[in-house]
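Report on the following structure.
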Amino acid sequence: MTAQTLIAAYFDAFNAGQTDRMLDLLHDDVEHHVNEGGIRRGKAQFAQFSRHMADCYRETLTDMVILSDASDQRAAAEYVVNGSYLKTDAGLPEARGQTYRLPAGSFFALRDGRIARITTYYNLADWIRQVEK
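Take 1 as the starting number for the sequence shown in UniProt numbering and just add one per residue.
Here is the structure:
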């Protein structure tokens with residue numbers, strides 16, 4: 001599977017709400033670097049994060065562009081997050097079902113045909129402005 005095919009499958013699973021399918025695409029030692037947060041290591045921490053996100057947010061990613069290097073060991077994706085804020089997340093504004101549209105990007109390292117690192121970036125201040133309306 002090429003890097004672009006692997007990343008596309010990961011995001012297809014995300015959009016379908018299929019966390020188990022996402023986990024199948026991750027390396028056992030995956031590192032998940034979160035925007036303005038720490039690093040989650042391993043599939044168990046990634047799964048826990050995914051459950052939390054599903055409780056608080058409903059998101060679909062659109063306008064996806066996926067790029068990869070010639071070695072198929074690195075990839076990047078740019079996309080738009082279209083979401084609804086369902087349940088108040090600790091330290092963030094109160095959730096009232098607000099919707100948001102937010103440009104974002106992710107960087108990936110691949111190892112053994114799996115995703116070994118995910119680093120995601122978005123503008124948190126922009127998201128806060130959108131949900132505080």
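C-beta: ideal position from N, C-alpha, C; glycine also.
The beta carbons of Tyr79 and Ala104 sit about 6 Å from each other, so the pair counts as a contact at 8 Å.
The continuous beta strand (DSSP E) containing Arg74 extends over residues Arg74 to Tyr85. In the displayed model, Met22 falls within a helix according to three-state DSSP. Following the DSSP letters along the chain, one finds Leu124 inside the alpha helix (DSSP H) bounded by residues Leu124 to Val131. Annotation: Ala109 to Ala75 spans about 7 Å, alpha carbon to alpha carbon. As the crow flies, the alpha-carbon of Pro93 is around 16 Å from that of His52. When secondary structure is reduced to three states using DSSP, Ala3 falls in the helix class.
If you check the CB distance, His27 and Arg114 come in under 9 Å.
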